[in-house]
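Undergrad: In my numbering, the protein residues as written are 44 to 1222.
(1) Have a look at residue 897 and residue 924 and give me their C-alpha separation to the nearest angstrom.
(2) In the DSSP assignment, the beta strand (DSSP E) including residue 666 goes from what residue to what residue?
(3) Contact between the segment 897-914 and the segment 956-969 is defined here as three or more beta-carbon pairs at a separation below 8 Å; is this criterion met?
(4) At the level of alpha carbons, what is the spacing between residue 799 and residue 1069?
(5) Do you know how far the Cα of residue 542 is from the Cα of residue 174?
(6) Beta strand (DSSP E) containing residue 338: first to last residue?
(7) Over the uninterrupted alpha helix (DSSP H) stretch that includes residue 721, give me the two end residues.
(8) Going by DSSP, name the residue or residues bridged to residue 345.
(9) Looking at residue 1142 and residue 1211, is the spacing between their C-beta atoms short of 8 Å?
(10) Within the segment 713-789, note down every full alpha helix (DSSP H) run reaching 4 residues or more, in order along the chain.
(11) Who are the near neighbours of residue 865 in its chain, counting only those whose CB is closer than 6 Å to its CB and skipping five residues on each side?
(12) Could you compute how far the alpha carbon of residue 938 sits from the alpha carbon of residue 971?
(13) Would you check if the distance between the CB atom of residue 859 and the CB atom of residue 988 is smaller than 8 Å?
(14) Would you tell me roughly how many angstroms separate the C-alpha atoms of residue 774 and residue 683, rounded to the nearest one?
(15) Considering Cα atoms alone, identify which of 660, 568, 787 and 1187 is closest to residue 1028.
(16) Within the same chain, show all residues whose beta-carbon is closer than 8 Å to that of residue 1204, passing over the 5 residues directly before and after it, in chain order.
(17) Short check: CB of residue 839 to CB of residue 947, under 8 Å?
(18) Given this structure, state the Cα-to-Cα distance separating residue 583 from residue 575, to the nearest angstrom.
(19) Return the chain-ordered list of same chain residues with a C-beta closer than 6 Å to the C-beta of residue 1116, the five sequence neighbours on each side being excluded.
(20) Considering residue 888, what are the terminal residues of the alpha helix (DSSP H) in which it resides?
(21) If you draw a straight line from the alpha carbon of residue 891 to that of residue 1213, how long is it in whole angstroms?
(22) Within its chain, find whatever has a CB closer than 7 Å to the CB of residue 265; leave out the 5 residues flanking it on each side and keep chain order.
(23) Per DSSP, what are the beta-bridge partners of residue 906 in this structure?
(24) Using 10 angstroms around the beta-carbon of residue 557, count the other beta-carbons present and answer buried if the total reaches 16, otherwise exposed.
(25) How far does the alpha helix (DSSP H) with residue 974 in it extend, from its first residue to its last?
(26) Applying the criterion that 16 or more other CB atoms from any shown protein chain within 10 Å of the CB defines a buried residue, is residue 1090 buried or exposed?
(27) Would you mind stating whether residue 1192 and residue 1175 have Cβ atoms separated by less than 8 Å?
(28) If we count Cβ pairs, one from each stretch, closer than 8 Å, do we get three or more for the segment 1034-1043 versus the segment 443-458?
(29) From what residue to what residue does the alpha helix (DSSP H) around residue 1209 run?
(30) Taking the alpha-carbon positions, what's the residue 662 to residue 771 distance?
(31) Out of curiosity, what's the CA-to-CA distance linking residue 1215 and residue 818?
(32) Curious, which full-length alpha helix (DSSP H) runs of at least 4 residues does the segment 1023-1105 contain?
(33) Are there 16 or more other CB atoms within 10 angstroms of the CB of residue 599, so buried, or fewer, so exposed?
(34) Looking only at its chain, what residues have a beta carbon closer than 7 Å to the beta carbon of residue 1136, apart from the 5 residues adjacent to it on each side?
(35) Start and end of the beta strand (DSSP E) containing residue 506?
(36) What residue from 380, 1221 and 1162 has the CA that sits closest to residue 1128's CA?
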């Protein structure tokens, strides 16, 4: 090789090289060399990701032959043997791409670069370091050589394949691996994970020299993946080879290959695929035949065996495909039938998945295939492409439960809907959440080999859209109230002459004077807000080191000498080391801040949980937006659609009043006192974020000087019956619901109101609620003190389970009102309030409060054009929920008691069904509710309404219920206020759902706290993010079967093992009992906590802390005249079945009877709960 070649010549030429001793190589690096070795039968091309050298390179010997490993070899590092001649065309060669053309496509050429000796990747990475600090990366001990690529990809050459390792360390000569002759190796008899054969990578598409600069049109839009359990390939080699050449798949994944070291991968795939194998051996099985897994990747892709170390005693394999914008990790696993219930094997496999998963970047994809032989598990389709366990037909053992929990723990969802001839699913296809909306799974049109009855051939097409990029829109204008001097601010506000408010005749002008006076005092006493340092662990010393590093980089690029190179290496080493040190300190500080600054701690955790900001590009219908101001306008257009674009006619208002009862309460004008204002201010959250008026809640809470002017303004507003115009301004912030984050239609708006308006609304809300609370139906559980989601569900589930226990059927229809809060007609609402008993003067004030409100969307410092709403109650306000409850309350007069339950706008209508007459009666009730919606200008979303029949009958009645002539969708399970209810009311699906979600969240917690050591910090995260999932409405679905109790408890057991892993146990394999480990962290078992909640619920009913007349009527206290023998404190009704004995109300009464001797009406609920917990802890 000519050492005087230019960079382009070195890249473009074809070289046959063999580096035998890298320590003797000269020090002139040449990056991204393409080496091509011509072998007898094929040409092998490999890409070096390390520094290559242009001299002291010996050519290949002419006698290099295709190698065959000896009997003692593994990993392809074996002695060469003579190849079988005649199989391949000896003169077939691969041509290298025109590298200069590729660079020109990206607008970059070496001749036009200011740094002609650097690659584009190095230049961009160096410039990026000048702009931002980035994340800390590890440094190499030897910094005499460096690699400025962002991913620091290092390639290690084995005979027959190239392995790429991604590390955070710069490359040094000590890490350079000798280039071996690229021989075609057979795997030896002991084949570890991925230690198979790699066929040559076809040049020109995904080679490393173009990884970072590949044009977008060359990025694959999809991956076609073929999977099959082939049941042996030994006797099908020729037919399989022909089938592979006929069908063009990107990836081929096979299980039960039955291959061994005597069969070359090239015999099966030719030169078109890079092949990775794990054959059955004594290392991974006690059997000598069968088994084996294989992954073949089309040679157009740059791929490697996944560098993650995994358990090599299992028949599993992982391969990583390196795309320009992300990596795709593909795994395959074979679980023999005799080991499907082996908990140790399952645990080792899940640990291997964890190792691979933890090495993925944010945008990387993970796909897992395998024959798991779980013949007792059946799957049911879900709406979001997922599959869930069909618990009615499946038989779960501890090993299978651990397997499924492990999948959920690592965010993998099963998506294979194809069953075999026995209607079972043995082959599983698991994908990460990113893939869920972007794949198609179908039966392969043509199998590569003979199909087995138990294993259909699967084709998976995975779309590869470009990762969504996000941008933060910060608002650094305004004032930093966290650093405000509130004492001097309060003094400044006291010096204002607030009596001047009495001389201003117009209420709007008076409020403007108040606001301007407050903001003037704020300007003089509160420092302005400044952008925070980026990243948050940065300091002046780090910024200085960054500038020194940038200067050293420029010097080296201008004068590429050994001296400038060493200077840059030293500057880079100091910067990276100090950056890593600061980041480690930042994480330790964050961990410690849980007690001193919990807001900063949770900000750090939330930054890891979800993407910050909005996608760079967004769209609505046919419109798109790329800048923040345009996005504001798109969101404003979307949110404006939620409101009515009409006002109800007087005749329509008159019709709507037919269902409203007259003069059920009285509400007259009153005068607000200073004490009421002070009480309302105490109910505000201590937030430092200002609203549209620029005043934060913390200012009102800490400046008592504002009490007097607020009292004056509130009473002036009531007196003139006008709500101030500036207090009707609202900011809308978009919050993603679900679906594509680039679609504006998948967002909802949350409202930020003026803080003075909130205080005013709290006062009016409290007084209005005290007047009308007896009028609001007891079946309305939303926005009503002492009622909740739990009380709604307990009432409903108790009635249903009692009916089912008696052999009856309950039909329930779940109704969905479209944008109910935003479509409340102002005219109808005001007339309903008037008819109920609100005075005319207050009606005028409410009309001013509702009409002509101004809304605008705010993203960072950008705001949309303001718009007004013709309908709706103000969301985010304190008064809006009560006004909505009064508006919808007369719907309860249309439906008879015992057939309806409400939670705000969520409505369910139900009835015990004994015959078709009952079904027709329920249909009439639906018609009545639909007519009420029509009269009140509300719209039913019929496509979202559902009907379900709760029963355990052999032949239930299935009646077709309709709305507006459209059939209501009939479902087998429904999510009712966050709890899944199935037709038999077993809660099995809900148990499986919460365990799956809790495991997934626990996986996030353990990953984000990898460097945390404080068990109490981990406990806080677990209780807030994981245990809350396992305990939501637990008294409704409290399990009584040991299998589900154990599985739910397994989530907390898993957390305890991690949280206490660093304690100095005497014998780590023989830990203390689970209950004792719980006490070490100061937590109770989940089962004990559910028992305490059940007993406490009954105690709250008796003490009046829960307002539910229906539930209180079910609690029948036994009070004999003479206490002759021990009896239950709460009488328990008889039931026909064990299932009926555990309806929520009866089950809670049973637990309360165990501890009723601890109950006392005169002590607080906190004390009672502590007593109950101590009792159940020792029972």
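Where a beta carbon is used, it is the ideal one built from N, C-alpha and C, also for glycine. Please read these numbers as outputs of a predicted model, since none were measured by experiment.
TA: Judging by the given coordinates:
(1) Taking the first residue of the chain shown as 1, we reach residue 897 at position 854. Taking the first residue of the chain shown as 1, we reach residue 924 at position 881. Their Cα atoms are separated by approximately 19 Å.
(2) Here the question's residue 666 lines up with position 623 in the chain shown. Taken as a continuous stretch (DSSP letters only), the beta strand (DSSP E) holding residue 666 covers 666-668.
(3) no
(4) Stepping through the chain shown from its first residue, residue 799 is reached at position 756. Stepping through the chain shown from its first residue, residue 1069 is reached at position 1026. Cα-Cα distance, rounded: 37 Å.
(5) Sequence index remark: in the chain shown, residue 174 carries index 131 (1-based). Sequence index remark: in the chain shown, residue 542 carries index 499 (1-based). Summary for residue 174: the model assigns pLDDT 37, below 50, so the residue's position carries little reliability, and this model does not support an answer.
(6) In the chain shown, the residue the question calls residue 338 occupies position 295. First-last of the beta strand (DSSP E) with residue 338: 336-341.
(7) Taking the first residue of the chain shown as 1, we reach residue 721 at position 678. Residues 717-725.
(8) The residue you call residue 345 lines up with position 302 of the chain shown. Within the DSSP secondary-structure output, residue 345 pairs in a beta bridge with 365.
(9) One-based indexing of the chain shown puts residue 1211 at position 1168. One-based indexing of the chain shown puts residue 1142 at position 1099. Yes. Within cutoff.
(10) Counting only runs that start and end inside the segment 713-789, the alpha helix (DSSP H) elements of at least 4 residues fall at 717-725, 740-745 and 750-763.
(11) As a working note, residue 865 is residue 822 in the chain shown. These residues qualify, in order along the chain: 685, 686 and 915.
(12) Numbered from its first residue, the chain shown carries residue 938 at position 895. Numbered from its first residue, the chain shown carries residue 971 at position 928. One C-alpha to the other measures close to 8 Å.
(13) As a first step, residue 859 is located in the chain shown; it is residue number 816 there, counting from the start. As a first step, residue 988 is located in the chain shown; it is residue number 945 there, counting from the start. The answer is yes: Cβ separation under 8 Å.
(14) The residue you call residue 774 lines up with position 731 of the chain shown. The residue you call residue 683 lines up with position 640 of the chain shown. Each residue's Cα considered, the two are about 13 Å apart.
(15) To locate residue 1028, count along the chain shown from 1; it is residue 985. Checked all of 660, 568, 787 and 1187; the closest Cα to residue 1028 is 1187.
(16) Locating residue 1204 in the chain shown gives position 1161, where the first residue counts as 1. These residues qualify, in order along the chain: 1145 and 1146.
(17) As a working mapping, residue 839 is identified with position 796 in the chain shown. As a working mapping, residue 947 is identified with position 904 in the chain shown. No, these two residues do not count as a Cβ contact at 8 Å.
(18) As a first step, residue 583 is located in the chain shown; it is residue number 540 there, counting from the start. As a first step, residue 575 is located in the chain shown; it is residue number 532 there, counting from the start. When rounded, the distance between both Cα atoms is 13 Å.
(19) Stepping through the chain shown from its first residue, residue 1116 is reached at position 1073. Within the same chain, residue 1116 has no close Cβ partners at all.
(20) Translated into the one-based positions of the chain shown, residue 888 becomes position 845. Looking at the DSSP string, the run of the alpha helix (DSSP H) that includes residue 888 is 883-893.
(21) Indexing the chain shown from 1 puts residue 891 at position 848. Indexing the chain shown from 1 puts residue 1213 at position 1170. Those two C-alpha atoms are separated by around 49 Å.
(22) As a working mapping, residue 265 is identified with position 222 in the chain shown. Within the same chain, residue 265 has close Cβ partners 504, 505, 506 and 507.
(23) The residue given as residue 906 occupies position 863 in the chain shown. Residue 906 pairs with 901.
(24) Within the chain shown, the letter at position 514 stands for residue 557. That one is buried.
(25) Counting from 1 along the chain shown, the entry for residue 974 is found at position 931. That run of the alpha helix (DSSP H) goes 959-978.
(26) Here residue 1090 corresponds to residue number 1047 of the chain shown, with the count starting at 1. It is buried - the Cβ of residue 1090 has at least 16 other Cβ atoms within 10 Å.
(27) Stepping through the chain shown from its first residue, residue 1192 is reached at position 1149. Stepping through the chain shown from its first residue, residue 1175 is reached at position 1132. In contact: residue 1192 and residue 1175 (Cβ atoms closer than 8 Å).
(28) Contact holds between the segment 1034-1043 and the segment 443-458, because three or more Cβ pairs, one in each stretch, are under 8 Å apart.
(29) Translated into the one-based positions of the chain shown, residue 1209 becomes position 1166. Residues 1208-1221.
(30) As a working note, residue 662 is residue 619 in the chain shown. As a working note, residue 771 is residue 728 in the chain shown. Those two C-alpha atoms are separated by around 29 Å.
(31) Reading the chain shown from its first residue, position 1172 is the one you call residue 1215. Reading the chain shown from its first residue, position 775 is the one you call residue 818. So the two alpha carbons sit approximately 36 Å from each other.
(32) 1031-1051, 1058-1064, 1071-1074, 1077-1080 and 1085-1102
(33) In the chain shown, the residue the question calls residue 599 occupies position 556. Counting Cβ neighbours within 10 Å, residue 599 comes out buried, since at least 16 surround it.
(34) Position 1093 of the chain shown, counted from the start, is the residue given in the question as residue 1136. So the list reads 1077 and 1078, once near-sequence residues are dropped.
(35) Within the chain shown, the letter at position 463 stands for residue 506. From DSSP, the beta strand (DSSP E) with residue 506 extends over 501-506.
(36) As a first step, residue 1128 is located in the chain shown; it is residue number 1085 there, counting from the start. Comparing Cα-Cα distances from residue 1128 to each of 380, 1221 and 1162, the minimum goes to 1221.
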